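Protein chains: 2
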Amino acid sequence: MATTTAAQRRAQARTEFDAFLAVCPSRQLLDRVSDKWVGLLLCALGGGSFPQPSAEEGTPRAMRYSELLRQVAGVSPKMLTQTLRSLERDGLVTRSVVATVPVTVSYELTDLGLSLHVTMRALKGWAETHVAEVLEQRAAYDARPVEKIT
Amino acid sequence: MATTTAAQRRAQARTEFDAFLAVCPSRQLLDRVSDKWVGLLLCALGGGSFPQPSAEEGTPRAMRYSELLRQVAGVSPKMLTQTLRSLERDGLVTRSVVATVPVTVSYELTDLGLSLHVTMRALKGWAETHVAEVLEQRAAYDARPVEKIT
DNA sequence: AGTGCCTACTTCCCGATGGTGAGCAACTCT
DNA sequence: AGAGTTGCTCACCATCGGGAAGTAGGCACT
Chain A
118 MATTTAAQRR
128 AQARTEFDAF
138 LAVCPSRQLL
148 DRVSDKWVGL
158 LLCALGGGSF
168 PQPSAEEGTP
178 RAMRYSELLR
188 QVAGVSPKML
198 TQTLRSLERD
208 GLVTRSVVAT
218 VPVTVSYELT
228 DLGLSLHVTM
238 RALKGWAETH
248 VAEVLEQRAA
258 YDARPVEKIT
Chain B
118 MATTTAAQRR
128 AQARTEFDAF
138 LAVCPSRQLL
148 DRVSDKWVGL
158 LLCALGGGSF
168 PQPSAEEGTP
178 RAMRYSELLR
188 QVAGVSPKML
198 TQTLRSLERD
208 GLVTRSVVAT
218 VPVTVSYELT
228 DLGLSLHVTM
238 RALKGWAETH
248 VAEVLEQRAA
258 YDARPVEKIT
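Protein chains in written order, with my numbering: chain A, 118 to 267; chain B, 118 to 267.
See the structure below:
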């Protein structure tokens, strides 16, 4: 009985540690910045585009909402707005509004956003470099016999 | 009228190009590997753990299902299985089954998986380095007056 | 006048997927 | 019998991304 109580206490302590880790800020941040639209927007604002060869990376520059909407293929106004708001909140982009007619809103990477963009370029490069190999692996996996043993 | 038709054709061509890019394999792959459980599992199999200081990266080694379940805080059996299957299909991990009682199943990074793990370490490091700054930015953003102009 | 364009979003609805909780099978030990 | 190990599987539900349509204000063209 004393052994069981000690085991239960250890399990409880582990559960609490797990809960702590699961809400850890840096872990949540990694999840956040790993969002697909985040990556594509950082890339666009950083002067590049993905998927494309990386040979001609442009310079980071401010871009307008409609520019981003056109350049980031497949993004909807909703996801664009949502992601830009999130990036702004995290301090990764600045949003500037000029009261022209029509209104002009532009977004630009901060230094922090630029550091993330630079860091994410490696991951983008990895995907471009290895996509063919992964596709082959998938084909091989899908072609193999279904295995029943567990 | 001829001008309108030409403009419509250009818009149509752009829409088709967008559709192509949106399903581009390397872009899909980047989305895939950016999944939060993927990152954490690659890290665990690569001998490290996140979030933790990176000073003591261990060596990549095979790990059993239950080991991974214990080490990756917060993951459920469902997500663990699902993610491991996906990693196996992409050729990023190998799954080995030994018919012991109970059965022994272990997972190990492939060379491809290891290359991805190495690439993702930079992103993990970025999150750990900058999490405090991002939290401050969020607090500042949340504290500012609500702006009504668009 | 009407229509279409530009700007930067917003709203509503639905479906996919992640998450939770419980369970399965086969064995061993108490 | 119950409790533990192994590695999953299944049912249900909540969340959030995605799709489609819409808003407002101005300007240009027919």
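By construction, the Cβ of each residue, glycine as well, lies at the ideal position given by its N, Cα and C atoms. Since the structure is predicted, the reported quantities are computational estimates derived from the model, not experimental observations.
- Looking at the DSSP output, A/GLU225 shares a beta bridge with A/THR211.
- Its chain contains LEU158, TYR182, LEU185, VAL210, ARG212 and TYR224 as the residues whose beta carbon lies nearer than 8 Å to that of B/LEU201, once the 5 sequence neighbours on both sides are disregarded; these appear in chain order.
- Around the beta carbon of A/ARG144, a 10 Å sphere encloses 16 or more other beta carbons of the protein chains shown; the residue is thus reported as buried.
- Under the 10 Å beta carbon count, B/VAL140 is surrounded by fewer than 16 other beta carbons and is classified as exposed.
- Residue-level contact check: A/THR236 touches chain B, since one or more beta carbons of chain B fall below 8 Å from its beta carbon.
- Of all residues in the segment 174-186 of chain A, none places a beta-carbon less than 9 Å from a beta-carbon of chain B.
- Here DSSP, grouped into helix, strand and coil, assigns B/ARG181 to strand.
- Separation of the CB atoms of B/ARG206 and A/ARG255 is rounded to 5 Å, and the pair is thereby assigned contact status at 8 Å.
- Straight-line spacing of the CA atoms in A/TRP243 and A/GLN188 works out to 22 Å.
- Taking 8 Å as the cut-off between beta carbons, the residues of the segment 141-154 of chain B near chain A are CYS141, PRO142, SER143, ARG144, LEU146, LEU147, ASP148, VAL150, SER151, ASP152 and LYS153, in sequence order.
- Under the 8 Å criterion on CB atoms, B/ALA260 is classed as non-interfacial with respect to chain A.
- Under the 10 Å beta carbon count, B/SER193 is surrounded by fewer than 16 other beta carbons and is classified as exposed.
- For A/GLY230, not one C-beta of chain B is nearer than 8 Å to its own C-beta.
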